[in-house]
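One structure below.
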Ligand code: 26W
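Written as C-alpha cells, this is what we have:
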C-alpha cells in the first residue's frame, strides 16, 4: 500500500467526513461537485504527507533546483492525474464504487486548469510531471489567471468565446502562501543618489505604482516516488498599507488605481498563440510574475548560502520562450541594486543562471516591445537593458569591425524596439530548439548570426509528452494491455515499449489491440453524441486533427480535401470508398478573423455532408466543441489517423503528434517539426508522408513564393473545390461568406503572398497520401500492424527523456530520493 490514507475504509471515512465538515451534509445529500471537492481533499491529505517529506529532503540535501518560468501551464484536471501518480487510482476507484460513486463522474466535475494556450503551455505541464517523476527539484513559476483559456461554444457554425471561470467552486489542491508575498513595482522615475556607506550609486524608484504578489502553490506529484514538487502561481492584490496611507494624504485616485492594477494584472490569459500583439498589460503580467518569482528564489537561496556570486551552483532558470525573458534584466537589477554586486559580477551570475528555449520561428510571434512602453513601465530594468545592449554592441564591433549590418541585425535595442529573444540569447548560457529540424533552422536561418558568434550555446531538446496522463490515465484499456504484455516498467521508462514490437506479427495481439481501439472509438462516439449531437460510426476511420487553429497548421487543407472527397463520392457513387469520419477540434484566438472563418467553413461542410443521405454515411465531419486537455485524452485514445499537416518548417515540434503515436495512430503528415523524428523511429512505411520539404518551402519563400493560379487553372478538381468556397455550396447561396479564404489562396492580400502556406501546392500530394491511408486501412492486418508499431516505437517521445537531456546537458540537477514519512 502506497499510503495508508488510501486504505479503503480510511479513505471512505475521509470522504464522508469531508462532506460533513465542508458542507454540513451527509454523503447521500451531496452534489457531484461537493463529492469532487470532498474526494480531492481526501487525496490532498496523502499528497501533503509526501509534499512535506519532499520539502524536508530538499531542505536537508539542498539539491540544485530548476525554476521553470512560463506564462503558461496547461495543466488540465488534477484529481485523476494525482491519483495515478500516487499509484492509488484503482484502490480509490474501488472504494468509491463501494459507496455507489463513479470516479469518472467525480473527475468530470473538475474544471480544466487551462492556464495556457496550446503546445508551449502543455509542454510545461508535461515537464513538471517528468521532473517530479524523475526525482529532480523544480519549481514551475507562473500566473494564477482568474480566467484561463476561454471556453468555446459553436453557435450557428461560428466560434463564440465564453469566459472560463475555473475558480468559481474553489480549487481544492492549491494552497495560498501569504508568507511569501512580494511587492512588484511599475513606472515612476529613477533618482540616482550617491551612497556614502557603500561608495556606490543607489537607484531609487519614485512615484511608482505597486502591487502585492501572492503565491498559490499546487502540488506536482511524481509517479510512485513520494516526490511532490510545486507549481507556484501568482495572484495580485493591492497593497493595503499604502492604500490607507494614500487616503490619509488624499491620494484617493492613486489608491483606486492600484486596486485596479492588481485586479487587472492577473485577470485573464491572453488567448493568442503564436501571435504577438504588443499589449501593455501583457508586459505587466510578465514582469509581475518574473519579479515575484526571482525575489522569492533569491530569498530562499540566501537562507542557506551566504554568497550570491555562487547562485548558479544551486539554481538554474529556464525561460519558456521569450515571455519571461525580462528575467534577465530583473535578475541583474536584484543582484546589483539589492545585493550590491558590481556589473561584471552580476553579469557573470546571470549568464551562468539563465537559459532560453525557443518554441517558434513564426515571425509574427516575436516579442518586440516598443521602447517607450518598456522604459515607461520598467524604468530601472530598462536602464539595465540599455547597458547590456551597449556592452553587447561593443563586443559585436570588436568581433566584426566595420560591420554595422551585424549590429543592426543583432542588437537588443533597435528601431525603437526591445527585442526580447536577442536579450535571452545574449544572456543565456543555453539556447535550445524543440525538435532537431527546428534547431537546425534556428542555427542556419533565423538565428544564424547568433549561432556564428556563440555556437557553443546552441543545442536541441526534442519535445516529449508524459505517458502517465496520455496513456495510463487517458487510455486505461491500452495501458492495461501493454502492462499485461511487457510489465509496467513503461510507466517510468517508455523505451520499454519497444518490447511490444514482436507482437505486431502476432494475430491475437493485433486483434486485441484493434479491439481496444474500437472500444475507445465507441467511447468517443458517445462523447460526441452527448456533447455535439452528431452520430458517428465507430467502424469508420477516425481521421483526427486537433490543435490550435492557425493558418500554418493548415486545417484549411484538410477541409478542402474533405470537400474534394465529397465531390468524388457524389460524382462516382459506385466508387469503393471506406467510410471516414473527419474529426476536428481547435480554438481560434478571439481576434484571428481568418481562423474563425475556417472554423465556420468546417462546420458548414459538416452541415452539408452529414445531412446528405445520398452518400450513405460514407463521410462524416465533426467539429468537437471546446477542445481541451480533458477531452483530448479521449480523442487521442480513439484516433486512427493523426493529421500533422503543417507547412514544412513552420511547426517547431508539435506534441499532439506524439500523443497520437503513443495511442497507436499513424501519422499523416509533412516532414516538419518532430514528425521527422517520429518517422525515423517508426519507419517511413508506418507513416503517410507528403508535401514540400522545409528546404523547398524556405527556398520558395526566399524567392518570392510560388504562383497558386497555375495550379488552380490546371487542376480541375482543385479549381472546383476552391470555386465552391464562392458558389454558395456551403453557405446557403451566400457568395461572400468565404470570399476571404478564397482570396487568401489565390490573390495577394495586404502584402501577404497568395497561399503563403502552400495549401494548393501540397494538395495533390496530400490527396495521394490520403488515398494510401484508405488502402492501408482496408487491409486490417496491415493496419493493425502499423498502429501497433506506432505504439511500440514511441519510446523516444516521453518527456522523461526530454527532461533527462535538459538535466544532463543544461541544468545539471542533483537526483533526489524521498523517503515517505513513517
Ligand atoms: C506572444 C504571443 C505568443 C504566444 C505563444 C507567441 C508564441 C507562443 C508560443 C511559443 C506558441 C507555441 O505554443 N509554440 C509551440 O510550442 C510547442 C512546444 O514546444 C511546439 O510543440 C509547437 O510546435 C509550437 O508551435
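In the working numbering, the protein residues as written are 43 to 864.
Glycine included, each C-beta is placed from N, C-alpha and C at the ideal position.
Would you be able to state if there are at least three C-beta pairs under 8 Å between the region 122-135 and the region 300-314?
The region 300-314 vs the region 122-135: no contact.
What is the DSSP secondary structure of residue 96, reduced to helix, strand or coil?
Along the chain shown, one-based indexing puts residue 96 at 54. In this structure, residue 96 counts as helix in the three-state DSSP scheme.
Would you call residue 696 buried or exposed, if buried means 16 or more other Cβ atoms sit within 10 Å of its Cβ?
Residue numbering aside, residue 696 sits at position 654 when the chain shown is read from its first letter. Per the 10 Å Cβ criterion, buried.
Let me have the residue list for the ligand 26W: C-beta closer than 6 Å to any non-hydrogen atom, ordered along the chain.
Per the Cβ criterion, the list is 159, 160, 161, 162, 165, 314, 315, 316, 317, 318, 363, 401, 402, 407, 409, 476, 505, 693, 694, 695, 696, 697 and 715.
Spatial neighbours of residue 285 within its chain, please: C-beta separation below 8 Å, excluding the five flanking residues on both sides.
Here the question's residue 285 lines up with position 243 in the chain shown. With a pLDDT of only 48 at residue 285, under 50, the local geometry of the prediction cannot be trusted, and the value read off the model is given with reservation. Contacts found: 297, 300 and 301.
Could you tell me the alpha carbon to alpha carbon distance between residue 878 and residue 366, rounded to whole angstroms?
Here the chain comprises residues numbered 43 to 864, so residue 878 is not present and cannot be evaluated.
If you drop the 5 nearest sequence neighbours on each side, which residues of the same chain put their C-beta closer than 6 Å to that of residue 645?
Position 603 of the chain shown, counting from 1, holds the residue named residue 645. So the list reads 199 and 665, once near-sequence residues are dropped.
Of all the options 528, 475 and 520, which has the alpha carbon lying nearest to the alpha carbon of residue 39?
In the structure as shown, the chain starts at 43 and stops at 864, and residue 39 therefore has no counterpart that could be examined.
Where residue 101 falls, given that 16 or more other Cβ within 10 Å makes a residue buried
Counting from one through the chain shown, the residue named residue 101 turns up at place 59. Result: exposed.
Figure out for me which residue from 178, 406 and 354 has the closest Cα to the Cα of residue 388.
For the purposes of this step, residue 388 is identified with residue 346 of the chain shown, where counting begins at 1. Among 178, 406 and 354, the Cα nearest to that of residue 388 is on 354.
I need the DSSP call for residue 276, collapsed to helix, strand or coil.
In the chain shown, counting from the first residue as 1, residue 276 sits at position 234. Strand, per DSSP.
For the beta strand (DSSP E) containing residue 625, list its first residue and its last residue.
If you number the chain shown from 1, residue 625 lands on position 583. Taken as a continuous stretch (DSSP letters only), the beta strand (DSSP E) holding residue 625 covers 622-627.
Cβ shell of residue 195 (< 6 Å), same chain only, five flanking positions each side left out:
By one-based count along the chain shown, residue 195 stands at place 153. These residues qualify, in order along the chain: 202 and 204.
My output table needs one value for residue 144: the three-state DSSP class, helix, strand or coil.
As a working mapping, residue 144 is identified with position 102 in the chain shown. Correct three-state label for residue 144: coil.
Between residue 831 and chain D, is there a C-beta pair that is closer than 9 Å?
Reference to chain D is not applicable here, since this structure consists of a single protein chain.
If you draw a straight line from the C-alpha of residue 293 to the C-alpha of residue 253, how long is it?
As a first step, residue 293 is located in the chain shown; it is residue number 251 there, counting from the start. As a first step, residue 253 is located in the chain shown; it is residue number 211 there, counting from the start. Rounded to the nearest angstrom, the two C-alpha atoms are 16 Å apart.
So within the region 701-743, which uninterrupted beta strand (DSSP E) runs reach at least 3 residues, ignoring any that extend past its ends?
As far as the region 701-743 is concerned, its whole beta strand (DSSP E) runs of at least 3 residues are 709-711.
When you compare only the Cα positions, how much space is there between residue 136 and residue 829?
In the chain shown, counting from the first residue as 1, residue 136 sits at position 94. In the chain shown, counting from the first residue as 1, residue 829 sits at position 787. Distance between the alpha carbons of residue 136 and residue 829: 32 Å.
Could you name the residues of the same chain whose beta carbon sits closer than 6 Å to that of residue 233, not counting the 5 residues immediately before and after it, in chain order?
As a position in the chain shown, residue 233 is number 191, starting the count at 1. So the qualifying residues of the chain are 246 and 248.
Evaluate residue 316 with the Cβ neighbour count: other Cβ atoms within 10 Å of its Cβ, from every protein chain shown; 16 or more gives buried, anything less gives exposed.
Counting from one through the chain shown, the residue named residue 316 turns up at place 274. So residue 316 counts as buried.
Please state if the CB of residue 752 and the CB of residue 835 are separated by a distance shorter than 9 Å.
For the purposes of this step, residue 835 is identified with residue 793 of the chain shown, where counting begins at 1. For the purposes of this step, residue 752 is identified with residue 710 of the chain shown, where counting begins at 1. It is not a contact, given that the beta carbons lie outside the stated cut-off.
So, with DSSP's three-state summary, where would you put residue 260?
Counted from its first residue, the chain shown places residue 260 at position 218. In the structure shown, residue 260 adopts extended strand secondary structure according to DSSP, grouped into three states.
For the 8 Å Cβ check, are there 3 or more pairs between the region 70-84 and the region 142-158?
Yes, the region 70-84 touches the region 142-158.
Taking the alpha carbon of residue 537 as the point to measure from, which residue in 843, 185 and 790 has its own alpha carbon closest?
As a position in the chain shown, residue 537 is number 495, starting the count at 1. Taking only the C-alpha atoms, the option nearest residue 537 is 843.
Can you tell which of 264, 376, 383 and 377 has the C-alpha that lies nearest to the C-alpha of residue 125?
Counted from its first residue, the chain shown places residue 125 at position 83. The residue from 264, 376, 383 and 377 with its alpha-carbon nearest to that of residue 125 is 264.
Just to confirm the assignment, what range does the beta strand (DSSP E) spanning residue 798 have?
As a first step, residue 798 is located in the chain shown; it is residue number 756 there, counting from the start. Neither: residue 798 is in no beta strand (DSSP E) and is coded neither H nor E.
How many whole angstroms separate the CB atoms of residue 679 and residue 517, which I take to be in contact at a CB cut-off of 8 Å?
Position 637 of the chain shown, counted from the first residue, corresponds to residue 679. Position 475 of the chain shown, counted from the first residue, corresponds to residue 517. Between the beta-carbon of residue 679 and that of residue 517 there is about 4 Å, and that keeps the pair under the 8 Å contact cut.
Residue 260 and residue 215 look like a contact to me (Cβ under 8 Å); what is the Cβ gap, rounded to whole Å?
As a working mapping, residue 260 is identified with position 218 in the chain shown. As a working mapping, residue 215 is identified with position 173 in the chain shown. Rounded to the nearest angstrom, the Cβ distance from residue 260 to residue 215 is 6 Å, consistent with a contact under 8 Å.
For residue 763, does the three-state DSSP call read helix, strand or coil?
Against the chain shown, residue 763 aligns to sequence position 721. In the three-state scheme derived from DSSP, where H, G and I count as helix and E and B as strand, residue 763 is classed as helix.
Determine, using beta-carbon pairs with one atom in the region 847-861 and one in the region 541-557, whether at least three such pairs fall under 8 Å.
Counting Cβ pairs under 8 Å, fewer than three are found: no touch.
Go through the region 568-620 residue by residue and report every complete run of the beta strand (DSSP E) that reaches 3 residues or more, in order.
The DSSP assignment places 583-588 as complete runs of the beta strand (DSSP E) inside the region 568-620, in order along the chain (cut-off: 3 residues).
Does the Cβ-Cβ distance between residue 838 and residue 506 come in under 9 Å?
Within the chain shown, the letter at position 796 stands for residue 838. Within the chain shown, the letter at position 464 stands for residue 506. In this structure, residue 506 lies closer than 9 Å to residue 838 by Cβ.
In or out: residue 746 buried (at least 16 other Cβ within 10 Å) or exposed?
Taking the chain shown and counting its residues from 1, one reaches residue 746 at position 704. Exposed, since its Cβ has fewer than 16 Cβ neighbours within 10 Å.
According to DSSP, residues forming a beta bridge with residue 244
What you label residue 244 is simply residue 202 of the chain shown in a count that begins at 1. Its beta-bridge partners are 235.
Would you say the region 579-592 touches the region 623-630, given that touching needs at least three Cβ pairs under 8 Å?
Verdict: yes, contact present.
To the nearest whole angstrom, what separates the beta carbons of residue 801 and residue 599, a pair I think is in contact under 8 Å?
Here residue 801 corresponds to residue number 759 of the chain shown, with the count starting at 1. Here residue 599 corresponds to residue number 557 of the chain shown, with the count starting at 1. Confirmed, Cβ separation roughly 5 Å.
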